[in-house]
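Report on one structure; see the data block that follows.
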Amino acid sequence: MMNRTTWIILVLACCAAAGGWWLQYGTAPDMPTQPPAPAGIRTLAVGDSVSGYSLPDLDGTTTTLARWHGKVLLLNFWATWCAPCRQEMPMLAAQQREHAADGLQVVGVAMNQPQSATAFLQRVPVGYPILIGINAEPEPTTTFGDTAGLLPYSVLVSRDGHILATKLGQLDPATIGAWLAEAGPAQKN
Numbered sequence: 000m001m002n003r004t005t006w007i008i009l010v011l012a013c014c015a016a017a018g019g020w021w022l023q024y025g026t027a028p029d030m031p032t033q034p035p036a037p038a039g040i041r042t043l044a045v046g047d048s049v050s051g052y053s054l055p056d057l058d059g060t061t062t063t064l065a066r067w068h069g070k071v072l073l074l075n076f077w078a079t080w081c082a083p084c085r086q087e088m089p090m091l092a093a094q095q096r097e098h099a100a101d102g103l104q105v106v107g108v109a110m111n112q113p114q115s116a117t118a119f120l121q122r123v124p125v126g127y128p129i130l131i132g133i134n135a136e137p138e139p140t141t142t143f144g145d146t147a148g149l150l151p152y153s154v155l156v157s158r159d160g161h162i163l164a165t166k167l168g169q170l171d172p173a174t175i176g177a178w179l180a181e182a183g184p185a186q187k188n
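At position 166 of the sequence shown the residue is numbered 165 (numbering that gives the first Met the number 0), and the sequence of numbers has no breaks.
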C-alpha cells in the first residue's frame with residue numbers, strides 16, 4: 000500500500016503533467032494585434048479597392064493587381080528567412096492548383112531582394128506568380144494592413160478588386176476554403 004508521501008508526489012506529478020498539456024494544447028497562441036500605421040501612411044482595410052496597386056515581378060516588370068480582375072486574389076506576403084512562410088508555400092501551391100477552376104489566384108509578394116527570392120524559388124518552385132515588395136515605399140505589408148510587419152501575412156481580394164479579409168500568420172486549407180465561399184462562386188462565361 001502506498002504511503003501518504005507517495006500519493007502526494009503522484010498527485011503533484013499528474014497536476015504538473017495536466018498543466019503542461021494545457022499550456023501546450025489548451026490555449027491558442029495569441030496573435031499580436033496590429034499597431035497603428037506610422038504617421039502619414041494610409042493603410043488599406045477590408046472593403047478598400049486594390050485594383051490600382053502595382054509591384055514589380057521577379058524580372059522587374061511592373062504588375063498591377065487589376066491584372067487578376069475577375070479572380071479571387073490571395074496575396075501572400077512572405078520572405079525566405081520566414082520559416083512559417085516557407086512551410087505554407089507548398090500548401091498554397093496545392094490550393095492554387097485545386098481551386099484554379101473556382102477562380103482562385105495565389106500571388107506571392109516576396110519581402111526579399113529578387114535574387115534571394117529567385118534562388119529560393121529554384122529550390123522550392125510554387126507555380127504561382129511572385130511579386131517583389133521589398134523596395135516599395137511605403138512597404139506593401141504596411142499598406143495592406145500588416146502594420147506590425149510580421150510574416151506571413153495574407154490578404155483576400157474579391158473578384159472586383161476589394162479586400163475581403165486579412166490574416167496574420169500561416170493559412171490552412173480550411174481558411175482558404177472558407178474565404179473562397181465568402182468570395183462567392185466563379186463567374187461562368
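Glycine included, every Cβ here is placed at the ideal spot set by N, Cα and C. Since the model is a prediction, treat every value here as computed from it, not as a measurement.
If distances are taken between C-alpha atoms only, which option among the options comes closest to residue i?
| i | options | result |
| --- | --- | --- |
| LEU170 | PRO151, THR42 and ALA109 | PRO151 |
| TRP77 | ARG158, LEU64, ASN2 and PRO139 | PRO139 |
| ARG158 | THR141, SER50, THR61 and THR174 | SER50 |
| ILE116 | LEU73, PHE143 and THR79 | It should be noted that the sequence gives Ala, not Ile, for residue 116. Minimum Cα distance to ALA116 is reached at THR79. |
| LEU155 | PRO89, GLY183 and ASN111 | GLY183 |
Can you give me the C-alpha to C-alpha distance between residue i and residue j, rounded to a whole angstrom?
| i | j | result |
| --- | --- | --- |
| LEU57 | VAL71 | 22 Å |
| ARG96 | THR5 | 59 Å |
| LEU64 | SER53 | 6 Å |
| ALA180 | THR165 | 15 Å |
| ALA93 | SER153 | 16 Å |
When we look at the beta-carbon of residue i and count the other beta-carbons within 10 Å, is it buried (16 or more) or exposed?
| i | result |
| --- | --- |
| TRP67 | buried |
| TRP178 | buried |
So what does DSSP say about residue i, is it helix, strand or coil?
| i | result |
| --- | --- |
| LEU73 | strand |
| PRO28 | The pLDDT assigned to PRO28 is 48, lower than 50, so where the model puts this residue is not dependable; a value taken from the coordinates is nonetheless given after this. Here PRO28 sits in coil by DSSP. |
| ILE133 | coil |
| HIS161 | strand |
| LEU167 | strand |
| ALA109 | strand |
(message) Would the segment 87-105 count as touching the segment 114-129 if we require 3 or more Cβ pairs under 8 Å?
(response) yes
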